[in-house]
Amino acid sequence: FSDEARNYFRVNSGRRRPKRQAYQNKYEFPRSLWKDGVYYSFHRNLNSDARREVDSAVRFWQENTCIKFYKTNDPNNAPVKPVLNFFPGQGCSSRMGRDPNGAIQYINLEPGQCEHELKESMRPIPGGLPPSIPEINMRKGLEEVLIEGDIVMTPDEARNYFRVNSGGRRPKRQAYQNKYEFPRSLWKDGVYYSFHRNLNSDARREVDIAVKFWQENTCIKFYKTNDPNNAPVKPVLNFFPGQGCSSRMGRDPNGAIQYINLEPGQCEHFEVVTHEIAHALGFMHEQSRWDRDEYVWIDTNKVSGNMQHNYDKEDEEENNNYGMQYDFGGVMHYQDNFFAINQRDTVMHARNPDYQLSLGAAIGPMYGDVYEMNMLYSCYDRCKDSGTVCKNEGMPNPNNCKVCQCPSGFEGNDCSQRQSSSHGLTCGETLAAGADWKTLESTGVVGAGNYDSRQGNRSDPYRCTWHITAPEGKVIEYEVTFIGTKNQRDDMLCYPVCYFGGLKIKGQEKTWKPEGMKLCCAKQLNKIRTTVSNLMIIDAYNHLLYTDFSLKYRIKDDGQPPVSTKSTPPVSTESTPPVSTESTSPVSTESTPESTKSTTTTTTNGTITTTTPSGRSTGY
Numbered sequence: 001f002s003d004e005a006r007n008y009f010r011v012n013s014g015r016r017r018p019k020r021q022a023y024q025n026k027y028e029f030p031r032s033l034w035k036d037g038v039y040y041s042f043h044r045n046l047n048s049d050a051r052r053e054v055d056s057a058v059r060f061w062q063e064n065t066c067i068k069f070y071k072t073n074d075p076n077n078a079p080v081k082p083v084l085n086f087f088p089g090q091g092c093s094s095r096m097g098r099d100p101n102g103a104i105q106y107i108n109l110e111p112g113q114c115e116h117e118l119k120e121s122m123r124p125i126p127g128g129l130p131p132s133i134p135e136i137n138m139r140k141g142l143e144e145v146l147i148e149g150d151i152v153m154t155p156d157e158a159r160n161y162f163r164v165n166s167g168g169r170r171p172k173r174q175a176y177q178n179k180y181e182f183p184r185s186l187w188k189d190g191v192y193y194s195f196h197r198n199l200n201s202d203a204r205r206e207v208d209i210a211v212k213f214w215q216e217n218t219c220i221k222f223y224k225t226n227d228p229n230n231a232p233v234k235p236v237l238n239f240f241p242g243q244g245c246s247s248r249m250g251r252d253p254n255g256a257i258q259y260i261n262l263e264p265g266q267c268e269h270f271e272v273v274t275h276e277i278a279h280a281l282g283f284m285h286e287q288s289r290w291d292r293d294e295y296v297w298i299d300t301n302k303v304s305g306n307m308q309h310n311y312d313k314e315d316e317e318e319n320n321n322y323g324m325q326y327d328f329g330g331v332m333h334y335q336d337n338f339f340a341i342n343q344r345d346t347v348m349h350a351r352n353p354d355y356q357l358s359l360g361a362a363i364g365p366m367y368g369d370v371y372e373m374n375m376l377y378s379c380y381d382r383c384k385d386s387g388t389v390c391k392n393e394g395m396p397n398p399n400n401c402k403v404c405q406c407p408s409g410f411e412g413n414d415c416s417q418r419q420s421s422s423h424g425l426t427c428g429e430t431l432a433a434g435a436d437w438k439t440l441e442s443t444g445v446v447g448a449g450n451y452d453s454r455q456g457n458r459s460d461p462y463r464c465t466w467h468i469t470a471p472e473g474k475v476i477e478y479e480v481t482f483i484g485t486k487n488q489r490d491d492m493l494c495y496p497v498c499y500f501g502g503l504k505i506k507g508q509e510k511t512w513k514p515e516g517m518k519l520c521c522a523k524q525l526n527k528i529r530t531t532v533s534n535l536m537i538i539d540a541y542n543h544l545l546y547t548d549f550s551l552k553y554r555i556k557d558d559g560q561p562p563v564s565t566k567s568t569p570p571v572s573t574e575s576t577p578p579v580s581t582e583s584t585s586p587v588s589t590e591s592t593p594e595s596t597k598s599t600t601t602t603t604t605n606g607t608i609t610t611t612t613p614s615g616r617s618t619g620y
């Protein structure tokens, strides 16, 4: 590679010059492109894990570009050269572009290191993750009779769902509920519900809590009855201690009793019960949305053939998401390995990798779930004439139109305030980004200092929220440089779905409604990211020791002056998510002259240390 290195660095008289050029473009382009497709092969010593990951990666690029890939077991006689050979060498590396002069071109994939680095870096959760709904049902052998892992259907509904036509299942399906039963599948007269006599006290308690949540956050009314046969509204929703966790999707307009199965010792959790009730109220799974492929990629190679239908999509004309963007972190989203042949494999890949650990991580319904349920049942119509104006994409609470329901990261009657901390913690604040890098650090604050993971309450973590703002019209760039617990081993919090703690960050999307990305692993760090508006939200949470973190932030320099908030009216929160100018003051660009620029470090105890160019520090 010496000739390429000389061109790359413009080597001259034995010294590298600091300015470089892309050697490939000038010396080999366009011969460095694979115009005739890519033939690839495996070195004989490449293990099965690496081969599986390569096939998945190749399939991704082939399905999403016009590039064609051809696997060959005889690279010496391949019709196109070079052949890309995946080799179990040291490290993870590749040449940049096609080698127009080579016969074999290698990609090194060190065994155990390069197949799936993020997942491999994670710690095993003590005792394992609580079993997911599909896992519980598969252990009972119910995967063949349930749709998408937990949805119950009658034979007629299943035929409509799969469009069975003498030849069997057709690959495209439709949302049976909308076309054949909607709107009779909605509970317009409220939901009467009852407990089967064998349902234990733990399940009854969780059902009551879940029912209370949906009733307090929507206009849907629930009525408990001990006499389901004489209930004034049918069907009655009966919580039954059957096998697995499952529910019908939507109200059965022809039934007297409609069951939700909650297996004892398996399904008695808030997130499970609220999920199954949401199905009964009419919700489908998030990954079944018609536009799902814009946000996640499904690797069906890692799903057994008879389970692949569980990743079918709804038809666009029968799937109304009410303008809600895809929500990786909602209660209706599955984890990324559901229905995998090997449970260590990833089946669902977020197209934006920053959201990978958000998939299936919800501890209960989030704002996006509440918003869509209220839209489905036209609950917000109650507040049309209330005069309530909600900031930051909040919506009036249909049970009290004077108060807004707020996306995570916000609170207050109109959602204009930063979300307060939990459990009496005093951390969290609103900070102003400037032209120079500043650092936000938190150590030994977000958490209880408890080492015993069994005592942590995942549904009620310790939590603090920071807002970082910029002048209107500007955006923020930031880099997370540490997440973990100081003075502990590396990746202390690196667990699947950031189970015990981490950061949830919002600001990369054009809406505040969905949940943000989750970060907790070293392999997610040291990457410069940029917001789309003048606000970013950092939510640190923990229920195992502490979540300590450090990040740098500044206003991204686009060469344009900030927009004056005195001459520009605030942007409507109905169309874009920039922070309201009524709740956040813009940063004055006159406060930091060029001759006195400084770097500021803010810690959670409120101390600000400013380092001047001369190196002196002043604290105040």
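Residues in the sequence shown are numbered from 1 upward in steps of one, following the UniProt record's numbering.
Just so it is clear, CB atoms sit at the ideal spot from N, CA and C, and this is done for glycine as well.
Check	Outcome
Ignoring anything shorter than 3 residues, give me the beta strand (DSSP E) runs that lie fully in the segment 15-95, in order along the chain.	38-42, 69-71, 83-87 and 92-94
Could I get the ranges of all uninterrupted beta strand (DSSP E) runs contained in the UniProt domain "CUB" (427-556), with 3 residues as the minimum, in chain order?	430-432, 438-442, 462-469, 476-484, 501-506, 517-519, 528-530, 535-542 and 548-555
Check whether the Cβ of residue 55 lies closer than 7 Å to any heavy atom of the ligand SAM, and answer yes or no.	What this structure holds is no ligand at all, so the ligand SAM is not there to describe.
Closest to residue 76 by C-alpha separation, out of 97, 62, 66 and 39, would be which residue?	39
According to DSSP, what are the bridge partners of residue 627?	Outside the shown range of the chain, which is 1 to 620, sits residue 627, and nothing can be said about it.
Compute the distance between the beta-carbons of residue 485 and residue 440, then report whether it is under 8 Å.	no
Specify the secondary structure class of residue 349 as computed by DSSP and reduced to three states.	strand
Note down, one range per segment and in chain order, each beta strand (DSSP E) of at least 3 residues found wholly within the segment 219-268.	222-224, 236-240, 245-248 and 257-262
List the residues that DSSP assigns as beta-bridge partners of residue 105.	84
Please tell me whether residue 514 and residue 329 are closer than 8 Å, where the distance is taken between their beta carbons.	yes
Considering residue 215, what are the terminal residues of the alpha helix (DSSP H) in which it resides?	201-217
To the nearest angstrom, how far is it from the Cα of residue 335 to the Cα of residue 285?	11 Å
Under 8 Å between the Cβ atoms of residue 301 and residue 539?	no
Suppose the cutoff is 7 Å on Cβ atoms and the five residues either side in sequence are ignored; what does the same chain contact list for residue 271 look like?	331, 362, 363 and 364
For the putative contact between residue 313 and residue 297, defined by C-beta atoms under 8 Å, what is the C-beta separation to the nearest angstrom?	No, residue 313 and residue 297 are not in contact; Cβ-Cβ is about 13 Å, not under 8 Å.
With a cut-off of 8 Å, do at least 3 Cβ pairs link the segment 194-211 to the segment 346-358?	no
According to DSSP, what are the bridge partners of residue 411?	417
Would you mind working out which of 476, 70, 99 and 499 sits nearest residue 432, comparing C-alpha positions?	476
Are residue 512 and residue 398 touching if we call contact CB-CB under 8 Å?	no
Mind checking residue 251: buried by the 16 CB within 10 Å criterion, or exposed?	buried
Which residues bound the beta strand (DSSP E) around residue 400?	400-405
For the alpha helix (DSSP H) containing residue 375, name the first residue and the last one.	367-376
Under 8 Å, do residue 482 and residue 535 count as touching if we go by C-beta distance?	no
Residue 393: which of 458, 293, 410 and 401 sits nearest, CA to CA?	410
Could you check whether residue 31 and residue 100 sit closer than 8 Å to each other, using their CB atoms as the reference points?	yes
What do you reckon, are the CB atoms on residue 233 and residue 189 nearer than 8 Å?	yes
In or out: residue 466 buried (at least 16 other Cβ within 10 Å) or exposed?	buried
Helix, strand or coil, according to DSSP, for residue 295 in the structure here?	coil
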